[in-house]
Structures are given as C-alpha cells and as structure tokens.
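Asker: Those sequence lines, one after another, are chains E and X.
Under UniProt numbering, the residues of the first sequence are numbered 1 to 139, in order.
Under UniProt numbering, the residues of the second sequence are numbered 1 to 80, in order.
Backbone N, C-alpha and C fix where the C-beta goes; we use that ideal spot for every residue, glycine too.
Starting off with a structure, shown below.
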Amino acid sequence: MKKPIIEIVDAIDTAKVYEELSDAKSGGICVFVGTVRDFTNNETVVSLEFEAYKTMALKEMAKIIDQAAAKWPLNKVVMRHAVGVKKVQEAVVVIGVSTAHRDACFEACRFMIDTLKDTVPIWKKEMFKNKTVWVSAHP
Amino acid sequence: MEVFLFGIAKDIVGKSTLDLSTLEVKPNSVKELILFLNDSYPGFTKLTSLAVAVNGEYAPQELHLNAKDEIAIIPPVSGG
C-alpha cells in the first residue's frame, strides 16, 4: 500500500479524490462521500457543525487504515474529514480506496467509514431552526 | 492537571478545558475521573457513553493518571 492520505480539513474538495486514488495496479476505485442531509427525524436541518480532537482523530484514522490493510490488499487510501459548519449538500467526509479487484474495494471502503463513525473522536452537532443537538449523545 | 473537553462535554461543563490541579482530592485513575465528572456535572450521567483518552489513546478504567498526561473527555462520537 502506498502512504495513505489522512487529513482533517476545513473544506473537502471531492473533485481531487479520483486523481489521488488513480493507480496502475488497481482495477477499481471506491469512494464514499458523506454529505449533509436536509432532514433528520422529520425536522429541517439548517447545517451541521463538526468538531475534532485532531491529534487523536488522525491517529485513530490511521489505525482504521492499518486494520483495513490487514484484511484486504489495498493500493491507495484517502481518508479525509471536514470540521466546522457545513451546509446542506456539502461534503463532510471522503473515504476512498483503490484495489486490484472490486470486492476488496467495496468491502474495505464500507469497513473504513463504518469504523470511523464508531471510533474516531469527531463530533457532529445538528443545527435546526430552533435548537441544536449533539448527535448520538443521548440514548 | 488539565482536561480537554469536546462536543457535548464542553456544553455540560460550560468550558473547553477543566483544571483539576486545584482539587483537594485529585482523581488518580480514569475510573476516579469519570466518578468525579458524574458527581460534579450530572449531565454526564445522561450520556449514551463516556470515554477518556490519555495521551491520545482510549484509556481503560484502571489506568493511573499522571500530572503530565494529556487527558481528554470523549463523549459519544458522531463523525461521518
């Protein structure tokens, strides 16, 4: 695997990820882009605000890629999360991977976004018209 | 001993760091720190989960805390 790109950024440029993952030894590229949706539980979302414990988040992101690389033969990986206020339709996370064959590509991409949501110290606040809610904070 | 607060933990305490050096009885372990938080700020008891990171790694309950450790309170994460 080439050295992965692991970043926490203010804004995500989804256009550059193909170039970053393109690779002669890969027969496929899988990219997941997480974006801001306008409705949650029938309420209109105005924006999302993301906060990260940056040094630890970067370490946890690297661990996820190491775990994925131990399960599947990966060639290139991009894992990039945004922080700050993000409006509806804006990208908040990009997980991309290139592999020789598509099965590993889909499975590794899925594993990495699922695990990121479970372990990486990043927090999301939903901003509604009249209130704000830290997602998953309460049962 | 300064503790970093993130997400809803910041709202519960009302600031982004918590200085424990002024406490008469300082928490010696992760478990004692969580007990202190639950006692001092009941909002913590209502959370889905509460983890502590020491020096950038998720820490087990029994881990001993040292004055120079970087300590952070990790409420339920919700990235992605």
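Which whole-angstrom value describes the C-beta separation of LYS54 (chain E) and ILE113 (chain E), a residue pair presumed to lie in contact below a C-beta threshold of 8 Å?
Answerer: Actually they are not in contact, since the Cβ atoms of LYS54 (chain E) and ILE113 (chain E) sit about 19 Å apart, beyond 8 Å.
Asker: Entirely within the stretch 68-96 of chain E and at least 3 residues each: give me those beta strand (DSSP E) ranges in chain order.
Answerer: Fully enclosed beta strand (DSSP E) runs of 3 or longer: 74-82 and 84-87.
Asker: For ARG37 (chain E), which of E:GLY28, E:VAL120, E:LYS86 and E:GLY96 has the nearest alpha-carbon?
Answerer: Checking every option, the nearest Cα to that of ARG37 (chain E) belongs to E:LYS86.
Asker: Going by the CB atoms, is the gap between ALA53 (chain X) and MET56 (chain E) shorter than 9 Å?
Answerer: Result yes, Cβ atoms of MET56 (chain E) and ALA53 (chain X) sit closer than 9 Å.
Asker: With a threshold of 8 Å on Cβ separation, who are the neighbours of HIS101 (chain E) within its own chain once the five nearest residues in sequence on each side are excluded?
Answerer: Excluding positions up to five away in sequence, the list reads GLY27 and GLY28.
Asker: Please check if any C-beta of chain E sits within less than 9 Å of the C-beta of PRO42 (chain X).
Answerer: No, its Cβ sits nowhere closer than 9 Å to a Cβ of chain E.
Asker: Is the shortest distance between the beta-carbon of ILE74 (chain X) and the beta-carbons of chain E less than 9 Å?
Answerer: With 9 Å as the cut-off, ILE74 (chain X) counts as an interface residue toward chain E.
Asker: Return the Cβ separation of PHE4 (chain X) and PRO75 (chain X) in integer angstroms, given the expectation that the two are a contact with Cβ distance under 8 Å.
Answerer: That pair is no contact at about 12 Å.
Asker: Would ALA108 (chain E) pass as a contact of ALA62 (chain E) if the rule is Cβ separation under 9 Å?
Answerer: For ALA108 (chain E) and ALA62 (chain E), no; Cβs fall outside 9 Å.
Asker: Under 9 Å, do GLU60 (chain E) and THR132 (chain E) count as touching if we go by C-beta distance?
Answerer: Taking 9 Å as the Cβ cut-off, GLU60 (chain E) and THR132 (chain E) do not qualify as a contacting pair.
Asker: Let me know if ALA9 (chain X) comes out buried or exposed under the rule of 16 or more other beta-carbons within 10 Å of its beta-carbon.
Answerer: That one is buried.
Asker: Could you list the residues in the stretch 50-72 of chain E with a C-beta less than 8 Å from some C-beta on chain A, going in chain order?
Answerer: Included in the structure are the protein chains E and X, with no chain A among them.
Asker: Would a C-beta distance cut-off of 9 Å place GLU2 (chain X) and ILE71 (chain X) closer than the cut-off?
Answerer: Taking 9 Å as the Cβ cut-off, GLU2 (chain X) and ILE71 (chain X) qualify as a contacting pair.
Asker: Answer with yes or no whether the minimum CB distance from LYS124 (chain E) to chain X is below 9 Å.
Answerer: Taking Cβ atoms only, chain X reaches closer than 9 Å to LYS124 (chain E), which makes this a yes.
Asker: Name, in chain order, the residues that DSSP records as bridge partners for HIS64 (chain X).
Answerer: HIS64 (chain X) is bridged to X:SER29.
Asker: LEU50 (chain X): which of X:LEU63, X:GLY56 and X:LEU35 sits nearest, CA to CA?
Answerer: When only C-alpha atoms are compared, the closest one is X:LEU35.
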